[in-house]
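Numbering (this note's numbering), first residue to last: 105 to 716. From the three backbone atoms N, C-alpha and C, an ideal C-beta is built for every residue, glycine too. Below: the structure, in structure tokens.
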Amino acid sequence: MEFAEFAARAEEMAEESGDLATTDLVSDLLRDAVEDLPIVVRFLQGRVYPAWDAMTLDVGPALVHESIARAAGPNVDADDVETKLADIGEIGAVAGSYDFGGQRGLDAFTDADSEALTVASVDERLREIATTTGDGSEKRRLDTLFGLFNSASSSEATFLARLVLGEMRIGVGEGTVRDAIAAAFLEARDGDDVDGDHVDGGDATDVDSDDATDEGSDDATEEGSDDATENESPVYAVERALQVSNDYGMVARVAREEGRAGLEEIGLEVGRPVQAMLAQAGSATEAIDEWGEAVVETKFDGARVQVHADGESVSLFSRNMDDVTDPLPEVVEFVERAVDVPVVLDGEVVAVADDGSPLPFQEVLRRFRRKYDVERMRDEVRVELRAFDCLHVDGEDLLDAPLHERHERLRQLLGGTDAFAEPAVSSDPDEIAALEEEALEAGHEGIMLKEPESTYAPGKRGRNWLKRKPNVETLDLVVTGAEWGEGRRANLLGTFLLSARVDGAGEHSTKNGSAAERDGYATLGKVATGITDEKLESLSERLEPHIEHESGQTVSIAPEVVFEVGYEEIQGSPTYESGYALRFPRFIGVREDKTAADADSLDRVARLADAQ
Ligand code: AMP
């Protein structure tokens, strides 16, 4: 395909404002691209290399300005181009504003003016630029880019400049390309008797993988449910192949040549990163309600890493699939030592203290993308791998295997090393709360809850992985009652009734009406979780002097002692006087520095409940 044709189509796309119409324009272009299909698909996205490839064009604005100036003639220099850019605001329009052509000066391009640029020749020259290194490479890069501009028409120059700088400005996102691939090669055409299946035309389930940062960005497909019809749509087949391969050009070619069946065959390739599966926020009760039981893993406070080992060398990729092998040599060395078959592992890189305890996430960042001083930093911040998933072992893809099987594989590979933490399985919210407490006490970020039967869904932020982080907000509540324990805890107070302070009790009513609150305190819940036997003893000693009444197991206690408690959620509830109840409250400690008058007020509880 001639580059002029590509530029004309791109111009049409830029002028089209409707999503569906744009998708149609793209799918027409893909059908017409013939042998240039992979290149055209990448060019539409402002790319020369696929997203997973560590190779990049790496041409900066200065080189582009200089090349444009040279092609524009002896009266134009890079400063003029920059002045114009400041005026017009966009490099494509600047490039398109010059009348190129007729410039001689390079032997290599003496005939260039008469030769039309093609998509393939532009691709070839740009790859030449990307691989030109060493002495004099800047000049050779400049010569090659100048040669391209020198042969370009106004519209070609516009899209060449944008392509080189990676921003096409034609309103074609990843979702549009995905839909267009499906429409061009998998869906029935007009006049066929099978209905095409179109996922609402736009970027609704777009996977936006070009986040600026790896960490904490919300960048994935929100997955409502695993809807069978959705999974059968051609768009789904394309999306899945993209998530596994991150290669739009290859996926388009396979869709055209081998159809859906071919796409389904696209598997993992060691060395080519897969999009990371992500988590939604969720609670233990939700997990148990939905799955019966949950796999409970530690949520490590580090940076996501995907490990690819081919048996000889190890590569590490970030959550955005950038190559982070070089900054993390001890992770590479560990994998080389521990694993002798090809594998793809998913995990977290954490910074650890000398005693192996986790350090805050900020410490990992000092190592994660470092280009210089890697060895020096290695002495300052020690990093280690914590693997939590296994996507491939020795020729076998495990994306569609259930989590418990993937864990088993991981155990076989890394069991007994610090890189593998044995996950728990539980159907008991209290047990999960205790595991969470343990994880937090050990300095981790919290826990992850995962559906034991779930497959690995690349790029999805689905309901099969739920992240439980502790609530940042805790409450300081007054103990106004307790219950004696049972068995060996019979002489210890076990469960504690908690109350919030009611400001100006009497005037100020609680959510359930002002009737029940006692002495300016309204009950909110009971806490029994998170307390060791030893702690129970000291709490009993601390509270016994304040017992006012006893009736059977239950005692009421004068409001004197303040507990700090964490919780999963504040719910409206008819059970307690305040009208609220804490879901999964857990004991954090006694606020020795606070009196009952300093405890949190019901107003604050109401505000926190509203803010949830
Ligand atoms: P968030 O960044 O808060 O959305 O939490 C998801 C991130 O937690 C993942 O992308 C991982 O980097 C990290 N993480 C830590 N431990 C785990 C684990 N056991 N399973 C999955 N993700 C984990």
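Considering only DSSP beta bridges, list what residue i is partnered with.
i      : result
Gly451 : Val409, Ala491
Asp522 : Beta-bridge pairing links Asp522 to no other residue.
Glu668 : Asp580, Gly693
Pro462 : Val456
Ile80  : It is not possible to answer for residue 80, since the shown part of the chain is limited to 105 through 716.
Thr627 : Ser603
Ile536 : According to DSSP, which records beta bridges pairwise, Ile536 is partnered with nothing at all.
Phe110 : Beta-bridge pairing links Phe110 to no other residue.
Does the ligand AMP have even one heavy atom less than 7 Å from the beta-carbon of residue i?
i      : result
Leu539 : no
Ala380 : yes
Ala199 : no
Met159 : no
Trp569 : yes
Met272 : no
Ala561 : no
Ala175 : no
Thr402 : yes
Arg408 : yes
Arg423 : yes
Ala528 : no
Met552 : yes
Glu437 : no
Glu452 : yes
Phe492 : yes
Ala234 : no
Ala523 : no
Ala388 : no
Ala413 : no
Between which two residues does the beta strand (DSSP E) holding residue i run?
i      : result
Asp738 : With the chain covering 105 to 716 only, the question about residue 738 has no answer from this structure.
Leu553 : 550-554
Leu601 : 597-605
Thr156 : Sequence check: residue 156 is Trp here, not Thr. Segment: none, Trp156 is in no beta strand (DSSP E) and carries neither H nor E.
Glu271 : Where Glu271 is concerned, there is no enclosing beta strand (DSSP E), given that its DSSP letter is neither H nor E.
Return the CA-CA distance between residue i and residue j, expressed in angstroms with no decimal places.
i      : j      : result
Glu109 : Thr280 : 20 Å
Gly270 : Asp227 : 13 Å
Val311 : Glu343 : Its pLDDT being 34, under 50, Val311 is placed unreliably in this model, and the value from its coordinates should be taken loosely. Looking at the two C-alpha atoms, the distance is approximately 9 Å.
Val138 : Gln379 : 28 Å
Glu390 : Pro556 : 14 Å
Ala111 : Ile274 : 11 Å
Tyr202 : Ala365 : 48 Å
Pro505 : Ala713 : Just to set this straight, residue 505 is Ala in the shown sequence, not Pro. Cα to Cα, the separation comes out at about 40 Å.
Gly566 : Leu503 : 15 Å
Ala175 : Gly240 : 20 Å
Arg142 : Pro165 : Residue 142 is actually Pro in this sequence, not Arg. C-alpha separation (whole angstroms): 26 Å.
Gly499 : Leu420 : 19 Å
Leu544 : Leu686 : 20 Å
Leu489 : Gly591 : 44 Å
Phe253 : Leu148 : 19 Å
Ile117 : Ala125 : At residue 117 the sequence reads Met, which differs from the Ile that was named. If I take the Cα positions, the gap works out to 9 Å.
Ile635 : Phe691 : 6 Å
Ala316 : Ser644 : Because Ala316 sits at a pLDDT of 31, beneath the cut-off of 50, its placement in the model cannot be relied upon, and the point is left open.
Val168 : Leu221 : 18 Å
Glu542 : Leu346 : 39 Å
Gly520 : Lys639 : 33 Å
Leu706 : Glu452 : 40 Å
Glu336 : Ala388 : 31 Å
Gly683 : Ser530 : 31 Å
Leu133 : Arg151 : 17 Å
Return yes when the Cβ of residue j is within less than 8 Å of the Cβ of residue i, no when it is not.
i      : j      : result
Gly547 : Arg572 : no
Met552 : Ala383 : yes
Pro464 : Asp405 : yes
His653 : Ala662 : no
Asp704 : Ala632 : no
Val583 : Val665 : yes
Gly629 : Tyr680 : yes
Thr262 : Gly200 : yes
Leu647 : Thr627 : no
Pro338 : Leu290 : yes
Just to confirm the assignment, what range does the alpha helix (DSSP H) spanning residue i have?
i      : result
Phe253 : 241-254
Thr389 : 388-395
Arg344 : 338-349
Arg231 : 223-235
Gly566 : Where Gly566 is concerned, there is no enclosing alpha helix (DSSP H), although the beta strand (DSSP E) it sits in stretches over 564-572.
Would you say residue i lies against chain D (beta-carbon separation less than 8 Å)?
i      : result
Val409 : Checking the listed chains, one finds no chain D in this structure; it contains a single protein chain.
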